[in-house]
Each structure stands twice: as C-alpha cells, then as structure tokens.
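Q: So that we are looking at the same thing, I have put the structure below in structure tokens.
There are 2 protein chains.
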Amino acid sequence: MSPDDKRTMGLRERKKAKTMAVVQMHALRLFRELGYNATTVEQIAEAAEISPSTFFRYFPTKEDVLLRDNYDPVLVDAFEAQPSHLSPLQAVRGAMVSAIADMSADELATMRERNELIMTVPELRAASLNSLTQTMQLIAELAAKRTGREPDDAAVRTFAGAIIGVNISVMLYYAEHPDADFAVLLDEALSKLEAGLLL
Amino acid sequence: MSPDDKRTMGLRERKKAKTMAVVQMHALRLFRELGYNATTVEQIAEAAEISPSTFFRYFPTKEDVLLRDNYDPVLVDAFEAQPSHLSPLQAVRGAMVSAIADMSADELATMRERNELIMTVPELRAASLNSLTQTMQLIAELAAKRTGREPDDAAVRTFAGAIIGVNISVMLYYAEHPDADFAVLLDEALSKLEAGLLL
DNA sequence: ATGTCTTTTGATAGTTACTGTCAAATTTTA
DNA sequence: TAAAATTTGACAGTAACTATCAAAAGACAT
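Chains A and B supply the protein sequences, listed in that same order.
According to my numbering, the first sequence is numbered sequentially starting from 1.
According to my numbering, the second sequence is numbered sequentially starting from 1.
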C-alpha cells in the first residue's frame with residue numbers, strides 16, 4: 001500500500017494532526033492574552049493537555065508553534081498555474097495575489113493576527129525572516145525553471161532577493177496598518193518593482 | 001558640565017571600549033575554534049577575564065557580541081556624499097560600494113569571516129536579518145529625504161525593501177562563495193535592480 | 001481476541017542563556 | 001583625601017531546550 005493515501009491514514013496520524021492544531025490554537029490564544037514572552041511552554045502544554053516534552057516533540061522551538069505554515073506549496077501551485085506569457089515578475093505577483101484571494105475570511109483574519117504578533121515580537125520576527133530565506137530560494141528555483149537559467153544565476157538570485165525584500169517591507173507595514181488590505185499592498189508594491197522602482 | 005564631550009572622556013569610557021573589543025575578539029576566536037553553539041558565554045567571559053554578568057552588561061545577548069557593528073552611520077555618510085544628480089538607487093549603490101572600498105584588507109577579512117558565521121548559524125542569521133529591518137528603515141528615510149517624499153510612502157518603502165532583499169541574497173551567496181568579491185557582487189546585483197530586473 | 005512489535009508519550013534530570021539584586025571595588029569629582 | 005557615582009562580580013533564580021528511559025497506546029499477524 002502506498003504510504004501516503006490510506007484514507008485519512010490511521011488513527012495515529014489523525015491524532016497527531018489534531019493535537020498539533022489544538023496546541024497551536026491554545027498557543028495563539030495565550031500569546032494574545034498574556035503576550036508572547038510572558039507565556040511559557042509549560043502553560044501552553046497544560047492548556048493543550050500534553051506534557052512539555054511532547055510539546056517539543058511537535059514543535060522544535062516555542063517560535064515554531066506560531067511560525068509553522070504551508071504557504072510555500074500553495075505559492076508553487078499558484079505560480080505554475082500562471083499563464084506562460086507573463087514575465088517571471090508578473091507571474092510571482094499573480095501567484096501571490098491569487099493565493100491570498102483564495103483564502104477564507106477566517107484564514108485572512110488569522111493571518112493578520114499572526115503577522116501582527118510576528119512583526120511585533122523581535123524573536124518571532126527574526127525567526128520569520130530567517131524562514132523567508134527558504135522562500136527566497138524557492139522563488140529562485142521557480143524563476144530559474146521558468147526562464148531556463150540556473151537558480152544561482154546572478155540575475156535569478158537578485159530577482160528572488162528583491163521580491164522577498166518587498167514582501168518584508170509589506171509585512172512590516174501591514175503589521176502597523178492592520179486595516180489595510182494585504183493583497184492590495186502586496187500587489188501595488190510588486191507592480192512598483194515591475195515598473196522599475198521609479199523614485 | 002555637559003555629560004558628553006569631555007576630551008576623549010575619562011578612563012572609564014576608554015576601558016569600556018577596550019573591554020568590549022577584547023570580548024568580541026575572544027568570542028570570534030572561540031566561535032571559530034569550537035563552533036557557535038558549543039561555545040558558552042561562560043567560556044567567553046573566562047577568556048576575556050570578566051564575569052558572566054559583566055558579559056551581559058556589555059552585550060544583551062550572546063548573538064550581539066558578533067552582530068554589533070556600526071555600518072549604518074558609515075552608510076549614511078557615504079549616501080549623503082553621493083552627487084545629487086544620481087537617482088536614489090544609484091546613490092545607494094554608490095554609497096554601499098564606496099563604503100566597502102574604504103575598508104582595510106583586515107576589515108574585509110573580518111567581515112568575510114563574520115558573514116560566513118552569521119549566514120551559516122541559524123540563530124545568528126535570524127538575528128542579523130532582523131537587524132536589517134532597521135537598515136531598511138534607515139534607507140527609507142534617506143531616500144525619502146532625497147526625493148522629498150515621506151518615509152512611509154509606498155514607493156519609498158518598496159524601494160528600501162528591494163534593496164535590503166538584494167543585500168540578503170548577496171550575503172547568502174557570499175557566505176557560500178567566500179572567494180568572490182563582495183563589492184562586485186553587490187554592485188552587479190544593484191545594477192540589475194536598476195536595469196529593471198530583466199529576466 | 002491475543003500477543004507481539006513499533007511508535008508515542010510523560011517523567012526526570014540535566015544544560016545554558018538570560019534576569020534581578022546587592023555589596024564590594026573602582027573611578028570621578030569636590 | 002573624602003564623598004558620590006558608576007562598574008563589577010557573586011549569588012540565586014527562570015525558562016527554553018536536550019537526552020534518556022520506562023510506560024502507554026496504536027498497528028498488525030495469527
């Protein structure tokens with residue numbers, strides 16, 4: 001039998017996914033109520049009814065409970081679904097915007113709250129920016145494939161770097177202006193990059 | 001008497017600066033010999049002949065002993081020294097390249113080693129990227145002043161974000177290719193940004 | 001169902017980065 | 001030299017992690 005699609009796959013897997021979600025939910029709530037630093041892993045574990053050791057088995061670090069997400073695969077799919085006549089930059093822009101457009105109102109609200117927390121708390125921001133370097137590498141690979149270049153080609157790396165940098169600036173601004181529309185901010189910023197950074 | 005200009009300012013200040021430099025030197029050596037994580041603050045303190053509590057009085061975190069630098073003021077000076085007919089992007093490019101050109105061979109070698117360590121060790125990379133957001137804000141302010149816009153103008157923010165992103169991509173590449181010339185890498189990357197991110 | 005095998009869990013005992021406090025030592029100032 | 005201000009080190013504590021290991025729970029063959 002294939003190891004991946006066994007009809008929601010055994011009780012074990014289901015329980016793990018459920019536990020993970022429960023822990024993340026309680027963590028987010030506690031962070032909101034007490035603040036990130038004032039919340040201990042012990043408190044999160046207690047609220048989620050697991051032991052602290054189990055917490056660290058699910059999440060290697062306290063930060064991870066908030067930062068873990070799966071946007072990268074979504075981005076890949078959206079990027080590869082873009083029409084081939086678009087330039088790489090237009091394709092990235094379309095992919096990011098459509099990925100956001102596909103989110104539910106609930107997901108958007110959670111994302112906003114997460115972004116606010118992450119950009120506000122130095123440890124979280126640092127870890128988050130760090131993980132963006134992986135996304136940068138990913139974008140370089142996507143762009144390389146689309147243009148027939150190598151991922152470590154200078155133009156490709158610069159392209160990926162600029163896009164990640166623009167994302168960072170948008171995330172920071174959005175954290176301070178939560179009433180703005182993230183998709184619009186990102187779309188406008190990437191279009192400015194496309195237009196040649198006219199200043 | 002004014003508390004700030006007292007002619008090289010007392011024995012105390014000089015001793016502090018000296019202690020700081022000694023600690024940083026020993027820390028860098030120990031990190032090189034033992035690895036970052038395997039080196040404890042206690043070991044650094046012992047090598048520098050201070051107490052651990054004193055270490056934390058000088059550096060709020062262990063990361064800080066490696067990350068603290070003063071490139072921002074250098075960048076500001078270099079930027080404002082750029083001829084006024086240059087575009088903001090050309091000015092930033094000129095400023096960064098000339099700031100590197102002004103460094104001694106020793107400084108360059110130290111910078112290379114630091115960059116390698118920082119980009120290699122996840123904690124250090126995270127903290128370093130985090131501090132780059134300050135530089136991003138700084139660039140936004142410089143660009144805003146030069147163009148008569150506000151620092152939180154969308155075009156200005158996007159400009160600063162793209163530049164920081166390009167810097168990140170160059171730093172990552174440089175860490176894996178230490179024999180390259182950092183100034184050249186950065187110059188080429190920023191010129192690609194200037195040319196409109198042609199892919 | 002039963003027993004066996006494998007995976008997951010929780011308890012326990014560390015290590016280490018970092019914080020707070022206070023008295024002793026050192027530098028500055030009068 | 002005496003007094004005031006600052007720096008230092010010792011001590012005690014917190015909390016994020018790590019390693020280990022026995023017990024509990026799920027998977028599986030018979």
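Even glycine gets a Cβ: it sits at the ideal position worked out from N, Cα and C.
This structure is a prediction, so every number in the text was calculated from the model and none was measured.
When the cut-off is 9 Å and only beta carbons count, does Val65 (chain B) lie next to chain A?
A: Closer than 9 Å: no.
Q: Within the 9 Å Cβ cut-off, does Val76 (chain B) reach chain A?
A: Output row for Val76 (chain B): interface = no.
Q: DSSP three-state label for Met25 (chain B), please.
A: Three-state result, Met25 (chain B): helix.
Q: Which bits of chain A does Pro88 (chain B) rub up against, with CB to CB less than 8 Å?
A: What Pro88 (chain B) touches in chain A: Leu199.
Q: Could you check whether Ala45 (chain B) and Val22 (chain B) sit closer than 9 Å to each other, using their CB atoms as the reference points?
A: It is not a contact, given that the beta carbons lie outside the stated cut-off.
Q: Nearest-angstrom Cα distance between Leu124 (chain B) and Gly148 (chain B)?
A: If I take the Cα positions, the gap works out to 36 Å.
Q: Do Asp106 (chain A) and Val74 (chain A) count as a contact pair if the criterion is CB distance below 9 Å?
A: Not in contact: Val74 (chain A) and Asp106 (chain A) (Cβ atoms no closer than 9 Å).
Q: Nearest CA to the CA of Thr158 (chain A): which residue from B:Tyr173, B:Glu33, B:Arg157?
A: Selected option, being the one with the closest Cα: B:Tyr173.
Q: Taking buried to mean at least 16 other C-beta atoms within 10 Å of its own C-beta, is Thr110 (chain B) buried or exposed?
A: So Thr110 (chain B) ends up on the exposed side.
Q: Examine chain B for any beta-carbon lying closer than 9 Å to the beta-carbon of Pro122 (chain A), and answer yes or no.
A: Chain B, which has a Cβ nearer than 9 Å to the Cβ of Pro122 (chain A), makes this yes.
Q: Which residue from B:Val41, B:Met136, B:Ser191 puts its Cα closest to that of Phe56 (chain B)?
A: Checking every option, the nearest Cα to that of Phe56 (chain B) belongs to B:Val41.
Q: Alpha carbon to alpha carbon, how far is Ala162 (chain B) from Ile163 (chain A)?
A: For Ala162 (chain B) and Ile163 (chain A), the distance between alpha carbons rounds to 7 Å.
Q: Measure from the C-beta of Lys192 (chain B) to each C-beta in chain A and report whether the shortest distance is under 9 Å.
A: For Lys192 (chain B), the answer is yes, since a Cβ of chain A falls inside 9 Å of its Cβ.
Q: If the cut is a Cβ gap below 9 Å, which residues of chain B does Leu186 (chain A) touch?
A: Here the premise fails: no neighbours, minimum Cβ distance about 10 Å.
Q: Entirely within the stretch 122-154 of chain A and at least 4 residues each: give me those alpha helix (DSSP H) ranges in chain order.
A: If we require 4 residues or more, the alpha helix (DSSP H) runs fully inside the stretch 122-154 of chain A come out as 122-147.
Q: Could you compute how far the alpha carbon of Asp4 (chain B) sits from the alpha carbon of Lys16 (chain B)?
A: A caution first: Asp4 (chain B) carries a pLDDT of 35, below 50, which makes its placement in the model too unreliable to give a value.
Q: For Thr39 (chain B), count the other beta carbons within 10 Å of its own beta carbon; 16 or more makes it buried, fewer makes it exposed. Which is it?
A: Flag for Thr39 (chain B) reads buried.
Q: By the 9 Å beta-carbon criterion, what residues does the stretch 127-142 of chain A contribute toward chain B?
A: Listed by position, the residues of the stretch 127-142 of chain A near chain B (Cβ gap below 9 Å) are Ala127, Ser128, Leu129, Asn130, Ser131, Leu132, Thr133, Met136, Gln137, Ala140.
Q: Name the chain B residues whose beta carbon is nearer than 7 Å to that of Phe159 (chain A)?
A: Near Phe159 (chain A) (Cβ distances below 7 Å), the residues of chain B are Leu197, Leu199.
Q: For the alpha helix (DSSP H) that contains Gln43 (chain B), what are its first and last residues?
A: From DSSP, the alpha helix (DSSP H) with Gln43 (chain B) extends over 41-48.
Q: Find the nearest neighbour of Glu113 (chain A) within the set A:Met20, A:Lys18, A:Arg29, judged by alpha-carbon distance.
A: When only C-alpha atoms are compared, the closest one is A:Arg29.
Q: With 16 as the cutoff for other CB atoms within 10 Å, does Leu198 (chain A) come out buried or exposed?
A: So Leu198 (chain A) ends up on the exposed side.
Q: Give a yes or no on whether 9 Å exceeds the smallest Cβ distance from Asp152 (chain A) to chain B.
A: Asp152 (chain A) counts as touching chain B.
Q: Taking Val76 (chain A) and Leu142 (chain A) to be in contact with their CB atoms under 8 Å, please state how far apart those CB atoms are, rounded to whole angstroms.
A: Yes, Val76 (chain A) and Leu142 (chain A) are in contact; Cβ-Cβ is about 7 Å, under 8 Å.
Q: Kindly list the residues whose CB is nearer than 6 Å to the CB of Ala209 (chain A), restricted to its own chain and excluding five residues on each side of it in sequence; keep chain order.
A: Because chain A here runs from 1 to 199, residue 209 (chain A) falls outside it and cannot be looked at.
Q: Check whether chain A comes within 9 Å of Tyr173 (chain B), counting only Cβ atoms and requiring the distance to be less than that.
A: True, the Cβ-Cβ gap to chain A drops below 9 Å.
Q: One question on the structure: do Leu129 (chain A) and Asn167 (chain B) come within less than 9 Å of each other, judged by their Cβ atoms?
A: Result no, Cβ atoms of Leu129 (chain A) and Asn167 (chain B) do not sit closer than 9 Å.
Q: If you follow the alpha helix (DSSP H) that Thr110 (chain A) is part of, which residue opens it and which one closes it?
A: Taken as a continuous stretch (DSSP letters only), the alpha helix (DSSP H) holding Thr110 (chain A) covers 105-120.
Q: Measuring straight from C-alpha to C-alpha, what distance separates Phe31 (chain A) and Leu86 (chain B)?
A: Using only the alpha carbons, I get a separation of about 47 Å.
Q: Indicate the three-state DSSP secondary structure (helix, strand or coil) for Gln90 (chain B) in the structure shown.
A: Helix, per DSSP.
Q: Please tell me whether Ala109 (chain A) has its Cβ less than 9 Å away from any Cβ of chain B.
A: No, because no Cβ of chain B sits closer than 9 Å to the Cβ of Ala109 (chain A).
Q: Name the residue from B:Leu34, B:Ala175, B:Met20 whose alpha carbon lies nearest to the alpha carbon of Ile118 (chain B).
A: When only C-alpha atoms are compared, the closest one is B:Ala175.
Q: Measuring only the C-alpha atoms, how far is Asp187 (chain B) from Thr133 (chain B)?
A: Between Asp187 (chain B) and Thr133 (chain B), the C-alpha separation is close to 21 Å.
Q: Contact defined as beta carbons within less than 8 Å: I believe Ala155 (chain A) pairs with Lys192 (chain B). What is the distance between those atoms, to the nearest angstrom?
A: Confirmed, about 6 Å.
Q: Give the straight-line distance between the Cα atoms of Val121 (chain A) and Asn37 (chain A), rounded to the nearest whole angstrom.
A: Looking at the two C-alpha atoms, the distance is approximately 9 Å.
Q: Please classify Ser84 (chain B) as buried or exposed, where buried requires at least 16 other C-beta atoms within 10 Å of its C-beta.
A: Exposed, because fewer than 16 other Cβ atoms sit within 10 Å of the Cβ of Ser84 (chain B).
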